[in-house]
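Be aware that the sequence shown starts at 72, since it is given in the working numbering, and climbs by one per residue.
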Amino acid sequence: MREPSINLLTNMIFAEVKNIKGLEDIEENIEYKSYLTPLDMENRFNAYGGTAFGLSPTLTQINYFRPHFSSRKATNLFFVGNSVHPGAGISLVLNSSKLVTEEILKSP
Numbered sequence: 072m073r074e075p076s077i078n079l080l081t082n083m084i085f086a087e088v089k090n091i092k093g094l095e096d097i098e099e100n101i102e103y104k105s106y107l108t109p110l111d112m113e114n115r116f117n118a119y120g121g122t123a124f125g126l127s128p129t130l131t132q133i134n135y136f137r138p139h140f141s142s143r144k145a146t147n148l149f150f151v152g153n154s155v156h157p158g159a160g161i162s163l164v165l166n167s168s169k170l171v172t173e174e175i176l177k178s179p
């Protein structure tokens, strides 16, 4: 039941992103996709109705100690969201997206 709506949303997003110069072939260059929905958050983490601010961090997961936006293990693997450094909140999620974009643009 969930899969068709995820595919529909994914197709809608790709249709928009492909209109951006330089990203016309983005789908052909994706090697791995993963996503979590509010239902996944509820079922996997007992977060009723999903969660607006990610999982509750422990003391070692706040501020600089949050997972960083680039992978130490895989080249050119980046993460965006409220559970990565710099932290939760819409403005910080947008800031995280901006940092990832800048990092990608630096890559050869």
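A virtual CB, placed ideally from N, CA and C, is assigned to each residue, including glycine.
Please identify the residue among the options whose C-alpha is closest to the C-alpha of residue i.
i           : options            : result
residue 155 : 111, 110, 166      : 166
residue 96  : 151, 86, 118       : 86
residue 100 : 80, 79, 147        : 147
residue 82  : 106, 108, 98, 174  : 98
residue 145 : 103, 168, 110, 173 : 103
residue 168 : 114, 89, 151, 175  : 151
residue 78  : 90, 93, 108, 94    : 108
residue 76  : 106, 118, 175      : 106
In the DSSP output, which residue or residues are listed as bridge partners for residue i?
i           : result
residue 116 : BP columns for residue 116 are empty, so no partner.
residue 141 : 149
Where does residue i land, buried or exposed, given buried means 16+ other C-beta within 10 angstroms?
i           : result
residue 140 : buried
residue 137 : buried
Tell me which same chain residues have a C-beta within less than 6 Å of the C-beta of residue i, skipping the five on either side of it?
i           : result
residue 142 : 148
residue 89  : 95
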